[in-house]
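Quick note, the sequence shown lines up with residues 179 to 252 if you use the working numbering.
Built from N, CA and C at the ideal position, the CB exists for glycine as well.
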Amino acid sequence: MEEIGKNIIIMGLVIVVIGVLLTFGDKLPFSLGKLPGDIVYKKENFSFYFPITTSIILSVVLSFLFYLFGKFFR
179 MEEIGKNIII MGLVIVVIGV LLTFGDKLPF SLGKLPGDIV YKKENFSFYF
229 PITTSIILSV VLSFLFYLFG KFFR
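In structure tokens:
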């Protein structure tokens, strides 16, 4: 039962950090949605946005975090 409590606390802290980043993300010196390599196509009444660089960076970071959680919190 103690292990479940630790995992819930860690998940709560991760959610708080994500919430803070989403709230104050536009004030940070970097912006995940506007990186070089993100594809933006705008026409008169049509716009297409595909954040490929942002997706790759988030994938690498989340894979590393899940690896750490799996290794240390079994």
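Just checking my contact of residue i with residue j at CB under 8 Å: how many whole Å lie between their CB atoms?
i: I217; j: I234; result: Rounded, the Cβ-Cβ distance is 13 Å, inconsistent with contact.
i: L213; j: T232; result: 6 Å
Nearest to residue i by CA position, among the options, is which residue?
i: L246; options: I188, E180 and Y227; result: I188
i: Y227; options: F250, S237, M179 and G215; result: G215
According to DSSP, residue i sits in a beta bridge with which residue or residues?
i: F226; result: Y219
Is any non-hydrogen atom of the ligand MG found closer than 7 Å to the C-beta of residue i, if you look at the structure I gave you?
i: K184; result: For the structure depicted, the ligand MG is absent and the ligand set is empty, with no information on it obtainable.
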